[in-house]
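*Asks:*
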Amino acid sequence: MNETFTQRPRAAILTAAAALALVTGVGLNAGVRVLAQDAVGPITRCDSAMIQEMSVADVAEKVNPAVVTITNLQSGAAWDTGSDSGAMPAIPGMPEIPGLPTDPSIGGDMPSQDPGAIGGDTGSGISPAGIGSGFIIDEAGHVVTNAHVVDGSEKLTAMFEDGSTVNATLVGKDDLLDIAVVQLDLKGKSVPGVACFGDSEAARPGEQVVAIGSALGEFTNTVTEGTINAKGRDLDGYGLNSLIQHDANIWHGNSGGPLLNLKGEVIGVNAAGISSDQMGTAPADMAFAIDGNAALDVVDQLLVDGSVDRPFLGIQGSALPIGHMVEDVVAGSGADDAGILPGDVVVAIDGANVTRKAPLLDQLMQHESGDTIQVTIDRDGDQQIIPVILGERPADAS
Numbered sequence: 037m038n039e040t041f042t043q044r045p046r047a048a049i050l051t052a053a054a055a056l057a058l059v060t061g062v063g064l065n066a067g068v069r070v071l072a073q074d075a076v077g078p079i080t081r082c083d084s085a086m087i088q089e090m091s092v093a094d095v096a097e098k099v100n101p102a103v104v105t106i107t108n109l110q111s112g113a114a115w116d117t118g119s120d121s122g123a124m125p126a127i128p129g130m131p132e133i134p135g136l137p138t139d140p141s142i143g144g145d146m147p148s149q150d151p152g153a154i155g156g157d158t159g160s161g162i163s164p165a166g167i168g169s170g171f172i173i174d175e176a177g178h179v180v181t182n183a184h185v186v187d188g189s190e191k192l193t194a195m196f197e198d199g200s201t202v203n204a205t206l207v208g209k210d211d212l213l214d215i216a217v218v219q220l221d222l223k224g225k226s227v228p229g230v231a232c233f234g235d236s237e238a239a240r241p242g243e244q245v246v247a248i249g250s251a252l253g254e255f256t257n258t259v260t261e262g263t264i265n266a267k268g269r270d271l272d273g274y275g276l277n278s279l280i281q282h283d284a285n286i287w288h289g290n291s292g293g294p295l296l297n298l299k300g301e302v303i304g305v306n307a308a309g310i311s312s313d314q315m316g317t318a319p320a321d322m323a324f325a326i327d328g329n330a331a332l333d334v335v336d337q338l339l340v341d342g343s344v345d346r347p348f349l350g351i352q353g354s355a356l357p358i359g360h361m362v363e364d365v366v367a368g369s370g371a372d373d374a375g376i377l378p379g380d381v382v383v384a385i386d387g388a389n390v391t392r393k394a395p396l397l398d399q400l401m402q403h404e405s406g407d408t409i410q411v412t413i414d415r416d417g418d419q420q421i422i423p424v425i426l427g428e429r430p431a432d433a434s
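Residues in the sequence shown are numbered consecutively from 37, following our numbering.
#1: Would you grab the beta carbon distance between residue 426 and residue 379 for me? Rounded to a whole angstrom, and I think it's under 8 Å.
#2: Which value, in whole angstroms, describes the spacing of the CA atoms of residue 394 and residue 400?
#3: Can we say the stretch 222 to 237 touches the stretch 205 to 212, given the rule of at least three CB pairs closer than 8 Å?
#4: With H, G and I counted as helix, E and B as strand and the rest as coil, what does DSSP make of residue 226?
#5: Could you tell me if residue 416 is buried or exposed, where buried requires 16 or more neighbouring beta carbons within 10 angstroms of its beta carbon?
#6: What is the residue span of the beta strand (DSSP E) that residue 265 lies within?
#7: Less than 7 Å between the C-beta atoms of residue 101 and residue 197, yes or no?
#8: What residue ranges within the stretch 332 to 388 form continuous beta strand (DSSP E) runs of no fewer than 3 residues, ordered along the chain?
#9: What number of angstroms, rounded off, separates the C-alpha of residue 387 from the C-alpha of residue 166?
#10: May I ask which residues mark the beginning and end of the alpha helix (DSSP H) holding residue 98?
#11: The ligand GDP and residue 268: does any heavy atom of the ligand fall closer than 6 Å to the residue's C-beta?
#12: Quick one: what's got a C-beta closer than 7 Å to residue 420's C-beta in the same chain, skipping five residues either side?
#13: Would you report the Cα separation of residue 227 and residue 342, rounded to the nearest angstrom?
#14: Please state if the CB of residue 397 and the CB of residue 382 are separated by a distance shorter than 7 Å.
#15: Using the rule of at least 16 other Cβ atoms within 10 Å of the residue's Cβ for burial, across every protein chain shown, is residue 281 buried or exposed?
#16: Starting from residue 109, trace the beta strand (DSSP E) in both directions and tell me its first and last residue.
#17: Taking 7 Å as the cut-off, decide whether the C-beta atoms of residue 202 and residue 178 are in contact.
#18: If residue 362 and residue 377 are in contact, beta carbons under 8 Å, what's the gap, nearest whole angstrom?
#19: For the beta strand (DSSP E) that contains residue 282, what are its first and last residues?
#20: Roughly how many angstroms separate the alpha carbons of residue 359 and residue 310, rounded to a whole number?
#21: Taking Cβ positions only, does residue 288 come closer than 7 Å to chain B?
#22: Need the endpoints of the alpha helix (DSSP H) that residue 211 sits in, please.
#23: Between residue 244 and residue 368, what straight-line distance do the alpha-carbon atoms span, to the nearest angstrom?
#24: What number of angstroms, rounded off, separates the C-alpha of residue 330 from the C-alpha of residue 353?
#25: How would you call residue 88, buried or exposed, if buried means at least 16 neighbouring beta carbons within 10 angstroms?
#26: Is residue 166 helix, strand or coil by DSSP?
#27: Between the C-alpha atoms of residue 246 and residue 285, what's the straight-line distance to the nearest angstrom?
#28: Can you list, in chain order, the residues of its chain whose CB lies under 8 Å from that of residue 92, leaving out five sequence neighbours each side?
#29: DSSP beta-bridge partners for residue 251?
#30: Check this for me: beta carbons of residue 213 and residue 335, under 7 Å apart or not?
#31: Let me confirm a value: residue 170 is counted as buried when at least 16 other C-beta atoms fall within 10 Å, else exposed. Which label applies?
#32: Assuming residue 192 and residue 108 are in contact, meaning their beta carbons sit under 8 Å apart, how far apart are those beta carbons, in whole angstroms?
#33: Considering only DSSP beta bridges, list what residue 322 is partnered with.
#34: Do residue 306 and residue 296 have their C-beta atoms within less than 7 Å of each other?
#35: Who does residue 201 pair with in a DSSP beta bridge?
#36: Mind reading off the beta-carbon distance from residue 300 to residue 99? Whole number of angstroms is fine, and I expect it under 8 Å.
In C-alpha cells, the structure reads:
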C-alpha cells in the first residue's frame, strides 16, 4: 500500500541507516536567551530582528547545551565494537534509504563501545541499536531528531552535553520528511538549553552554517562549519524536495541534529550525505539537511497529536524529466476510484506542470486529505483532466 516515487540513481547516499549519516545539534544556552520570541504553538521561534550574527565559536557556545545524543535501544541489538569506529564502508554508486538497522553489516549510526556510558541497558535484554543526535525545542523537554534515529526503538535515552542521561519517549514521527519528536523524562529538572527555529526561506546558497552533533556516535557535541551549497534538493529515500545541501562535515551519529546559521537559529535538520568512495570514518562528501521551515511544520503537528495528516493519491511510479509515470495504482485509493491506470503519465496537478523542479509529491503536499485535485494525465498520447479526491496517506507509505 505504498505510494512510491522512484528517483534517478545517485552516488552512495549515506544516512544514519547507512555507513555514513549526518546529525547535529542546536540550542540556545539557558543563560543567554533571545530577548523577544514568538511562540508558534509550543515551539519557540527565534526573533531574528533581535539577534546579531556571531562567530562560529559563539554559536557553538550558545547552542551546545540544547544538543543531545539519542540512543535507540532494542531487543537483541548487537554491534561489533571491536573495530575502532564500527563504521562500514559505503558502496560507490549504491543509494541507501533512511532507516536505523540493527545489523551492523548493513551500516548505520554506531553506538559507543561502552553501552553503559550512553544509557545502554546491558542487563534487561535490550541494548543500543544505534545513536543519533537531536536538539531541545522547549522548556518542557521536547526534542527534534530524525525519524530513522528512533525507528524500531523499545527504549530511548538522551545524553546532555555534560554527560548526564535521561530516558525519553517517542511523541510521534513522520517517515516521509524523516522528522521525529521525543519527550525527555526530566523528573522535575530544567532543560540545559533550548533551540529556536529561524526562517530557512531566508537562507541563501553561499551563507555560512554550523553543524553540531555526535560524530561517529562517540564524539558528542562536535562542531563543524561550512556553507550552504544549494536549496530545494531531493534524494532517494526522502519524499519531498526539501533538502538543504551544505559542506559542513558530518558523520554517522550526526543524524537528527540541526543545521544553524550564524545567528544560532535552526534552519535545517541534518539527515543524509553522499560519498563517491569508500568512506570508513570519513565525513560525507556532500551533506544534506531537511529544510527547517518544513521540519517546523511537521513538528508542530506531531506535538498536537503525534501524527501528520498527509494527502495520498495512491500511485506507485517513477519521475520523468517531464511528468510522473504511473507503474501501479493502489486498490481503493483516490487514483483507483478516479480511473487512473498503469501506463498513464501524470503531467500536471491543478494546471501546474509536474517536472524535476516541481515533482508530483511536492505538489501533492500542498493539499490535504479530502481535497479534490485536477490531475492531467497523458494516456497513449492523449491528455485528459481527471478529478481525484485525495485520501489520507497510510502510516507505512514510502
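Each residue gets a CB set at the ideal place from its N, CA and C atoms; glycine is no exception. Fair warning: this is a prediction, and the values are worked out from it, not measured in the lab.
*Replies:* With the structure as the only source:
#1: On the sequence shown, residue 426 is found 390 positions in, with the first residue counted as 1. On the sequence shown, residue 379 is found 343 positions in, with the first residue counted as 1. The C-beta distance from residue 426 to residue 379 rounds to 22 Å, too long to meet the 8 Å contact threshold.
#2: Here residue 394 refers to the residue found at position 358 of the sequence shown. Here residue 400 refers to the residue found at position 364 of the sequence shown. For residue 394 and residue 400, the distance between alpha carbons rounds to 10 Å.
#3: Proximity of the stretch 222 to 237 to the stretch 205 to 212 falls short of the contact definition, fewer than three beta-carbon pairs being nearer than 8 Å.
#4: The sequence position of residue 226 within the sequence shown is 190, counting from 1. Collapsing the DSSP output to three states places residue 226 in coil.
#5: Position 380 of the sequence shown, counted from the first residue, corresponds to residue 416. With fewer than 16 Cβ atoms within 10 Å of its Cβ, residue 416 is classed as exposed.
#6: Start at 1 with the first residue of the sequence shown, and residue 265 comes out as number 229. Per DSSP, the continuous beta strand (DSSP E) segment holding residue 265 begins and ends at 255 to 269.
#7: Start at 1 with the first residue of the sequence shown, and residue 101 comes out as number 65. Start at 1 with the first residue of the sequence shown, and residue 197 comes out as number 161. Result yes, Cβ atoms of residue 101 and residue 197 sit closer than 7 Å.
#8: Entirely contained in the stretch 332 to 388, the beta strand (DSSP E) runs reaching 3 residues are, in chain order, 351 to 355, 360 to 365 and 381 to 385.
#9: Locating residue 387 in the sequence shown gives position 351, counting from the first residue. Locating residue 166 in the sequence shown gives position 130, counting from the first residue. Taking the straight line joining both Cα atoms gives about 45 Å.
#10: Indexing the sequence shown from 1 puts residue 98 at position 62. Looking at the DSSP string, the run of the alpha helix (DSSP H) that includes residue 98 is 92 to 99.
#11: Among the components modelled here there is no ligand, and therefore nothing to report on the ligand GDP.
#12: Taking the first residue of the sequence shown as position 1, residue 420 is located at position 384. Excluding sequence neighbours, residue 420 sits near 413.
#13: Taking the first residue of the sequence shown as 1, we reach residue 227 at position 191. Taking the first residue of the sequence shown as 1, we reach residue 342 at position 306. Roughly 22 Å between the two C-alpha positions.
#14: What you label residue 382 is simply residue 346 of the sequence shown in a count that begins at 1. What you label residue 397 is simply residue 361 of the sequence shown in a count that begins at 1. Result no, Cβ atoms of residue 382 and residue 397 do not sit closer than 7 Å.
#15: As a position in the sequence shown, residue 281 is number 245, starting the count at 1. Classification for residue 281: buried.
#16: In the sequence shown, counting from the first residue as 1, residue 109 sits at position 73. Membership of residue 109 in the beta strand (DSSP E) is indicated by the continuous run 103 to 111.
#17: Residue numbering aside, residue 202 sits at position 166 when the sequence shown is read from its first letter. Residue numbering aside, residue 178 sits at position 142 when the sequence shown is read from its first letter. With a cutoff of 7 Å on beta-carbon distance, residue 202 and residue 178 are scored as not near each other.
#18: Translated into positions along the sequence shown, residue 362 becomes position 326. Translated into positions along the sequence shown, residue 377 becomes position 341. Under the criterion of beta carbons closer than 8 Å, residue 362 and residue 377 qualify as touching, at roughly 7 Å.
#19: Stepping through the sequence shown from its first residue, residue 282 is reached at position 246. Segment 279 to 282, the beta strand (DSSP E) holding residue 282.
#20: As a working note, residue 359 is residue 323 in the sequence shown. As a working note, residue 310 is residue 274 in the sequence shown. For the pair residue 359 and residue 310, the Cα-to-Cα distance works out to about 26 Å.
#21: Structure shown: chain B not included; a single protein chain is present.
#22: The count along the sequence shown starts at 1 and reaches residue 211 at position 175. Premise fails: residue 211 is in no alpha helix (DSSP H) and is neither H nor E.
#23: As a position in the sequence shown, residue 244 is number 208, starting the count at 1. As a position in the sequence shown, residue 368 is number 332, starting the count at 1. Cα-Cα distance, rounded: 48 Å.
#24: Here residue 330 corresponds to residue number 294 of the sequence shown, with the count starting at 1. Here residue 353 corresponds to residue number 317 of the sequence shown, with the count starting at 1. Between residue 330 and residue 353, the C-alpha separation is close to 24 Å.
#25: Numbered from its first residue, the sequence shown carries residue 88 at position 52. Taking a 10 Å sphere around the C-beta of residue 88, we find fewer than 16 other C-beta atoms and assign the residue as exposed.
#26: Within the sequence shown, numbered from 1, the residue matching residue 166 stands at position 130. DSSP places residue 166 in strand when its eight states are reduced to three.
#27: For this step, residue 246 is matched to residue 210 along the sequence shown. For this step, residue 285 is matched to residue 249 along the sequence shown. The alpha-carbon of residue 246 is positioned some 9 Å away from that of residue 285.
#28: Walking along the sequence shown from the start, residue 92 turns up at place 56. Once the five neighbours on either side are set aside, the close Cβ partners of residue 92 are 244, 246, 259, 261 and 298.
#29: By 1-based counting over the sequence shown, the position of residue 251 is 215. Paired residues: 255.
#30: The sequence position of residue 213 within the sequence shown is 177, counting from 1. The sequence position of residue 335 within the sequence shown is 299, counting from 1. Contact: no.
#31: Indexing the sequence shown from 1 puts residue 170 at position 134. Buried: at least 16 other Cβ atoms inside 10 Å.
#32: What you label residue 192 is simply residue 156 of the sequence shown in a count that begins at 1. What you label residue 108 is simply residue 72 of the sequence shown in a count that begins at 1. Your pair residue 192 and residue 108 checks out as a contact, with CB atoms roughly 6 Å apart and the cut at 8 Å.
#33: Here residue 322 corresponds to residue number 286 of the sequence shown, with the count starting at 1. Residue 322 pairs with 310.
#34: For the purposes of this step, residue 306 is taken as residue 270 along the sequence shown, with counting starting at 1. For the purposes of this step, residue 296 is taken as residue 260 along the sequence shown, with counting starting at 1. No; because the gap between Cβ atoms is not below 7 Å, this pair is not in contact.
#35: The count along the sequence shown starts at 1 and reaches residue 201 at position 165. BP columns for residue 201 point to 195.
#36: As a first step, residue 300 must be located in the sequence shown, where it is residue number 264. As a first step, residue 99 must be located in the sequence shown, where it is residue number 63. Yes, they are in contact, since the Cβ atoms of residue 300 and residue 99 sit about 5 Å apart, within 8 Å.
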